[in-house]
Amino acid sequence: MVQNDRYAIVHLLMLVCVLVGGTVPCAANSVNLALLSDFSTLIWRPLTPTETADLASVDVGDSDLDAMAGLATKVGMPCHIAEITLARLAEVARPALAEMHPGGVFALIVGVQGDLVQLRSETGVVVIPLDVFAESYTGRCLVSLGDFGDDTVPGPRVLPDSVDVELGPVPIGQARMVEFVLRNAGTVPLELRSGGSSCEACLVVLAETLVVPPGEQTAVTVRFRATGFGRQGTFATLLTNDPGRKVLYYTVRAVVPAGVVVRPNDISVATYAGATVERSVLLQLPAGVQVTTSYSTPASLQQYTASRATLVQAAESATDDGTGNNIAVWELRWTFTAPDEARELRGSLVAETDSTAVGTVSVPMHLTVLSDLEAVPKSIVVRGLQVGVPYETAVVVRHRRAYPFDVVEVSADRDEVTVLGVQPLNDGGYEVRVRITAAQVGPLSAHLELRTSLQGEPSLRVPLSAWVLAPDAEP
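Take any residue in the sequence shown, note its place counting from 1, add 101, and you have its number in the working numbering.
Right under this line is the structure:
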């Protein structure tokens, strides 16, 4: 157990070398600050007198890390190193230290050089002989917990609770919002600005520049969206005016389990009667899953549609999470032959798989069969129409595939529009003549409705619009 404490102290002393630059050579023993993100590993109980005596024979004359660890343990110093480390990284640990050492005082070993020990106190760096230090300060230190705050450097100081989050599994296409809390432990306002991210709107900040007063805290939100399979990550940066930490890097990671992706996620087709249309739908499935059959529902659609499934790609997704999230891409080639009448059809393209986990994949379909009847012009627009002055115009109706038909009835939904007659044309079409007589100034809107002898064809509606002027107005 004593040996474990010694190793912990060695690591903390290595950090001390990085933070305060002691006289002991430390460059080869640098410690990544991320290793100290768990504050519970920095709080150490005081050693018992027996444990201290067990290390009394440690040679403290050699200025290496083992000797420093031995010296710190010999005089009961783990609390000192924990205090300075936590003061640098998170002052939230102060209450825990105060509870562990009520009324205690703290200091920091800066370095050991021969028979001299350098201590950092509220008055600066103190150098005292080793034997005096060992005899006079065993079990206690030089700087009180309350006085330690005097060592704070004026200015803003950002203290994030965390900068890295692992979400675990996140389904494909879903988003997660992760909130990161940070505090200003400095003496002047802390300014925060977005510094860019790995995707649009990854970092959510309430204002262009967020100002955090001294002693207060705020939160920033990072948005993660699962866009691919396997291990995914989103990063965002926050710029600060803290001279010691000008940039905060936030990272959100997750594992996206392999699943089903459909592109496009629906089928929408508009075509004329009798036309044939082909479409493709891509299914991204877990590797090894087979599409066994595909068809359209309801059954009434099957007389107009046909489909076949083909494996077009079997690829391994970019993943390092060890879950083996491989994918396969299947193409559903789908053909629609429109019936000989204008109508709307709704249903689904269905693909059955051999996997109970995936089951059946269904793609919604919306099919519109357009009328073969067409009007020229498609709408009637009258400019310069005057109140009480009749205006005559005409519209020609034809069948796109030149099927023979008759115009059975023509009507208008406004009294201002009068049907004058229907005249057959040599190409099989018909000319419909109308007269417009406006009764008041302002906009006029109406429709002509033509019903034909074609079975299954809806009525053809031709819109009519005009702006009616006063009788004496210039056209």
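C-beta: ideal position from N, C-alpha, C; glycine also.
Quick one: using the 10 Å Cβ neighbour count with 16 as the cut-off for buried, is D343 buried or exposed? In the sequence shown, residue 343 corresponds to position 242, counting from 1. Classification of D343: buried, given that the 10 Å Cβ count is 16 or more.
Quick one: Cα of P572 to Cα of L471, how far? As a first step, residue 572 is located in the sequence shown; it is residue number 471 there, counting from the start. As a first step, residue 471 is located in the sequence shown; it is residue number 370 there, counting from the start. Their Cα atoms are separated by approximately 42 angstroms.
Please report the straight-line C-alpha distance between P564 and P465, rounded to a whole angstrom. Here the question's residue 564 lines up with position 463 in the sequence shown. Here the question's residue 465 lines up with position 364 in the sequence shown. Cα to Cα, the separation comes out at about 32 angstroms.
In chain order, which continuous runs of the beta strand (DSSP E) of length 3 or greater are located wholly inside the segment 498-555? For the segment 498-555, whole beta strand (DSSP E) runs of length 3 or above, ordered along the chain, are 508-513, 518-525, 531-537 and 543-553.
Could you work out which residue in V259, V378 and P365 is closest to A320 when comparing CA atoms only? Taking the sequence shown and counting its residues from 1, the one referred to as residue 320 is at position 219. It is V259.
Report all residues from its chain with a CB closer than 6 angstroms to the CB of R284; omit the five preceding and five following residues, and keep chain order. Locating residue 284 in the sequence shown gives position 183, where the first residue counts as 1. Only L260 and Q318 meet the Cβ criterion.
If you reduce the DSSP assignment to three classes, tell me which class S381 lands in. In the sequence shown, counting from the first residue as 1, residue 381 sits at position 280. Three-state DSSP puts S381 in a strand.
When the distance is taken between beta carbons, is P315 closer than 8 angstroms to T288? The residue given as residue 288 occupies position 187 in the sequence shown. The residue given as residue 315 occupies position 214 in the sequence shown. In this structure, P315 lies closer than 8 angstroms to T288 by Cβ.
On the DSSP letters alone, give me the boundaries of the beta strand (DSSP E) that Y373 sits inside. In the sequence shown, counting from the first residue as 1, residue 373 sits at position 272. Here the beta strand (DSSP E) through Y373 covers I368 to Y373.
Between R499 and E475, which are expected to be in contact by the criterion C-beta below 8 angstroms, what is the C-beta distance as a whole number of angstroms? Taking the first residue of the sequence shown as 1, we reach residue 499 at position 398. Taking the first residue of the sequence shown as 1, we reach residue 475 at position 374. Indeed, because the Cβ distance is near 6 angstroms, the residues count as touching under 8 angstroms.
CA nearest to the CA of L468, picked from V370, Q487, G489 and T538: Here residue 468 corresponds to residue number 367 of the sequence shown, with the count starting at 1. Per the Cα distances, V370.
In the DSSP assignment, the beta strand (DSSP E) including R364 goes from what residue to what residue? Position 263 of the sequence shown holds residue 364. Note, R364: beta strand (DSSP E), V362 to R364.
Can you tell me whether S401 is helix, strand or coil according to DSSP? Numbered from its first residue, the sequence shown carries residue 401 at position 300. Three-state result, S401: helix.
Measure the beta-carbon distance from R434 to E379 and round it to whole angstroms, keeping in mind my assumption that it falls under 8 angstroms. On the sequence shown, position 333 is the one that residue 434 refers to. On the sequence shown, position 278 is the one that residue 379 refers to. Going by Cβ atoms, the distance from R434 to E379 rounds to 7 angstroms, so yes, they are a contact pair.
Less than 8 angstroms between the beta carbons of Q385 and V348, yes or no? The count along the sequence shown starts at 1 and reaches residue 385 at position 284. The count along the sequence shown starts at 1 and reaches residue 348 at position 247. No, the pair does not count as a contact, with Cβ atoms beyond the cut-off.
With DSSP run on the structure shown, which of helix, strand or coil describes Q487? If you number the sequence shown from 1, residue 487 lands on position 386. Three-state result, Q487: strand.
Candidates F336, L340, N366 and F437: closest to T377 by CA position: Here residue 377 refers to the residue found at position 276 of the sequence shown. Among F336, L340, N366 and F437, the Cα nearest to that of T377 is on F437.
Just curious, the beta strand (DSSP E) that S463 is in, first and last residue? Taking the first residue of the sequence shown as position 1, residue 463 is located at position 362. Residues T461 to L471.
Please decide whether L311 counts as near chain D, where near means a Cβ-Cβ distance under 8 angstroms. Among the protein chains of the structure shown there is no chain D, as only one such chain exists.
Since R534 contacts L521 with CB under 8 angstroms, what's their CB separation in whole angstroms? Translated into the one-based positions of the sequence shown, residue 534 becomes position 433. Translated into the one-based positions of the sequence shown, residue 521 becomes position 420. That belief holds up - the Cβ atoms of R534 and L521 are roughly 4 angstroms apart, short of 8 angstroms.
Ignore the nearest five residues each way along the sequence and tell me which others in S480's own chain have a CB closer than 8 angstroms to its CB. Here residue 480 refers to the residue found at position 379 when the sequence shown is read from its first residue. Only V563, P564, L565 and S566 meet the Cβ criterion.
L561 to R502, Cα distance in whole Å? Numbered from 1 along the sequence shown, position 460 holds the residue referred to as residue 561. Numbered from 1 along the sequence shown, position 401 holds the residue referred to as residue 502. Our two residues, L561 and R502, have alpha carbons roughly 16 angstroms apart in a direct line.
Whole-number beta carbon distance between S408 and Y396, since they are thought to touch under 8 angstroms: In the sequence shown, counting from the first residue as 1, residue 396 sits at position 295. In the sequence shown, counting from the first residue as 1, residue 408 sits at position 307. Indeed, because the Cβ distance is near 7 angstroms, the residues count as touching under 8 angstroms.
Taking 8 angstroms as the cut-off, decide whether the C-beta atoms of P257 and P290 are in contact. Residue mapping note: residue 257 aligns to position 156 of the sequence shown, counting from 1. Residue mapping note: residue 290 aligns to position 189 of the sequence shown, counting from 1. Yes; because the gap between Cβ atoms is below 8 angstroms, this pair is in contact.
Assumed close pair V488, V569 - CB separation to whole angstroms, cut-off 8 angstroms: Indexing the sequence shown from 1 puts residue 488 at position 387. Indexing the sequence shown from 1 puts residue 569 at position 468. Rounded, the Cβ-Cβ distance is 6 angstroms, consistent with contact.
Could you compute how far the alpha carbon of R536 sits from the alpha carbon of E510? Working through the sequence shown from its first residue, we reach residue 536 at position 435. Working through the sequence shown from its first residue, we reach residue 510 at position 409. Cα-Cα distance, rounded: 16 angstroms.
Hey, E459 and P387 are a contact pair by Cβ (cut 8 angstroms); roughly how many whole angstroms apart? By 1-based counting over the sequence shown, the position of residue 459 is 358. By 1-based counting over the sequence shown, the position of residue 387 is 286. Reading off the sequence, residue 459 comes out as Val, not Glu. Between P387 and V459 the Cβ distance is about 7 angstroms, and since that is below 8 angstroms, they are a contact.
Cα separation between L340 and E280? Locating residue 340 in the sequence shown gives position 239, where the first residue counts as 1. Locating residue 280 in the sequence shown gives position 179, where the first residue counts as 1. Roughly 17 angstroms separates the two Cα atoms.
Reduced DSSP secondary structure (H/G/I, E/B, other) of S295: What you label residue 295 is simply residue 194 of the sequence shown in a count that begins at 1. Three-state result, S295: strand.
Option nearest L412 by Cα separation, candidates G529, V390 and P399: Indexing the sequence shown from 1 puts residue 412 at position 311. Considering only alpha carbons, the answer is V390.
Cβ atoms of A540 and V518: under 8 angstroms apart, would you say? Start at 1 with the first residue of the sequence shown, and residue 518 comes out as number 417. Start at 1 with the first residue of the sequence shown, and residue 540 comes out as number 439. One thing to note: V518 has its Cβ no nearer than 8 angstroms to the Cβ of A540.
In chain order, what residues of the same chain lie with their CB nearer than 7 angstroms to the CB of E200, ignoring the 5 residues before and after it? The residue labelled residue 200 in the question sits at position 99 within the sequence shown. In this prediction, E200 has a pLDDT of 40, which is less than 50 and means its spatial position is unreliable; what the coordinates show is noted afterwards. Taken in chain order, the list of residues that qualify is empty.
Let's test the definition: count the other Cβ atoms within 10 Å of the Cβ of Y350 and tell me whether it reaches 16, buried, or not, exposed. Working through the sequence shown from its first residue, we reach residue 350 at position 249. Per the 10 Å Cβ criterion, exposed.
Just to confirm my understanding: we take P365, look at its own chain, exclude 5 residues before and 5 after, and list those with CB closer than 6 angstroms. What are they? Counting from one through the sequence shown, the residue named residue 365 turns up at place 264. Within the same chain, P365 has no close Cβ partners at all.
For A400, does the count of other Cβ atoms within 10 angstroms reach 16, so buried, or fall short, so exposed? Counted from its first residue, the sequence shown places residue 400 at position 299. Classification for A400: exposed.
Please look up how many angstroms separate the CB atoms of V353 and T335, rounded, as I've assumed it's under 8 angstroms. Your numbering for residue 353 matches position 252 in the sequence shown. Your numbering for residue 335 matches position 234 in the sequence shown. With 8 angstroms as the limit, V353 and T335 qualify as a contact, their Cβ atoms being about 5 angstroms apart.
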